[in-house]
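Heads up, the thing below is written out as structure tokens.
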Amino acid sequence: DVKVTQSSRYLVKRTGEKVFLECVQDMDHENMFWYRQDPGLGLRLIYFSYDVKMKEKGDIPEGYSVSREKKERFSLILESASTNQTSMYLCASSLLGLAGDNEQFFGPGTRLTVL
Amino acid sequence: DAKTTQPTSMDCAEGRAANLPCNHSTISGNEYVYWYRQIHSQGPQYIIHGLKNNETNEMASLIITEDRKSSTLILPHATLRDTAVYYCIASKAAGNKLTFGGGTRVLVKP
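Going line by line, the protein sequences match chains A and B.
Per the working numbering, the very first residue in the first sequence carries number 1; after that it's consecutive.
Per the working numbering, the very first residue in the second sequence carries number 1; after that it's consecutive.
Structure below.
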């Protein structure tokens, strides 16, 4: 079974701190994604990556950066955390495919609170 | 990706079939219909997808109308563990980003 793991289930940080959220997948997937989920707004894509060292902006990249140095690991970085970045962060991965047969597998999520 | 429209919520009796509708009237010919669900405090879970034909797997069945403007996800024998938010998504490929709307909040009652 595909497994996507995230470094923390719950995280509390202070405004201005640099925050790293780590995601690891064990199925050799090319694609990896970071979403955030907020009540009433659904899931929104922050960044995604289709290969090592490659990254693409999603719908809400402002205030975030990402790093993908190894195929299995995709990190989300909050350079200077702010209270409006309090949210549930979800990582996902999938095979690279131009057809529609490759579903995304999600991690359990990290609930980040910025005080 | 085409916009999808789903009812906000619905209830279902345990052991009965749950039929979840989705409207995607602007879907293009190369867009698939995906269904995911999210149980409380967990990440979304893939259920099923289809392009034109009806599909069935161990979790559910997907019925797509001939004009592809709408679809129905069928949970044949709903259990309490099926209580979740169900998302219908139209996308060219799962390798691309998925746009999750509000979904349907399904409550399975004993």
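In this text, a Cβ means the ideal position worked out from N, Cα and C, and glycines have one as well.
Within 8 angstroms of any Cβ in chain A, is that where the Cβ of residue i sits?
i         : result
B:Gly-102 : yes
B:Gln-42  : yes
Rounded C-beta distance between residue i and residue j? I'm assuming under 8 angstroms.
i        : j         : result
B:Leu-62 : B:Leu-73  : 6 angstroms
B:Tyr-87 : B:Tyr-46  : The Cβ separation is near 10 angstroms, so there is no contact.
A:Arg-9  : A:Arg-111 : 7 angstroms
A:Glu-69 : A:Asp-26  : With a Cβ gap of about 17 angstroms, A:Glu-69 and A:Asp-26 do not count as contacting.
B:Ile-27 : B:Ala-90  : 5 angstroms
A:Lys-55 : A:Ser-49  : 5 angstroms
So residue i contacts chain A; which residues on that side make the cut at Cβ distance below 8 angstroms?
i        : result
B:Tyr-46 : Glu-103, Gln-104 and Phe-105
Under 7 angstroms Cβ-Cβ, which residues of chain A neighbour residue i?
i        : result
B:Leu-98 : Gln-104
What residues are listed by DSSP as bridge partners for residue i?
i        : result
A:Gln-6  : A:Cys-23
B:Gly-50 : B:Val-33
B:Thr-65 : B:Thr-65 pairs with nothing; no bridge assigned.
B:Ile-89 : B:Tyr-34
B:Thr-72 : B:Pro-21 and B:Ile-63
B:Met-10 : B:Val-106
A:Tyr-47 : A:Trp-34 and A:Lys-57
B:Thr-79 : According to DSSP, B:Thr-79 bridges with nothing at all.
Identify the contact partners of residue i in chain B, using a Cβ-Cβ distance below 9 angstroms as the criterion.
i        : result
A:Phe-74 : Near A:Phe-74 there are no residues of chain B at all, since even the closest Cβ is about 14 angstroms away, more than 9 angstroms.
A:Leu-90 : Gly-43 and Pro-44
Give a yes or no on whether 8 angstroms exceeds the smallest Cβ distance from residue i to chain B.
i         : result
A:Leu-43  : yes
A:Gly-58  : yes
A:Gly-109 : yes
A:Phe-48  : yes
A:Phe-20  : no
For residue i, report the span of its beta strand (DSSP E) as first-last.
i         : result
A:Thr-86  : Segment: none, A:Thr-86 is in no beta strand (DSSP E) and carries neither H nor E.
A:Ser-75  : 73-78
A:Leu-112 : 110-114
A:Arg-68  : 65-70
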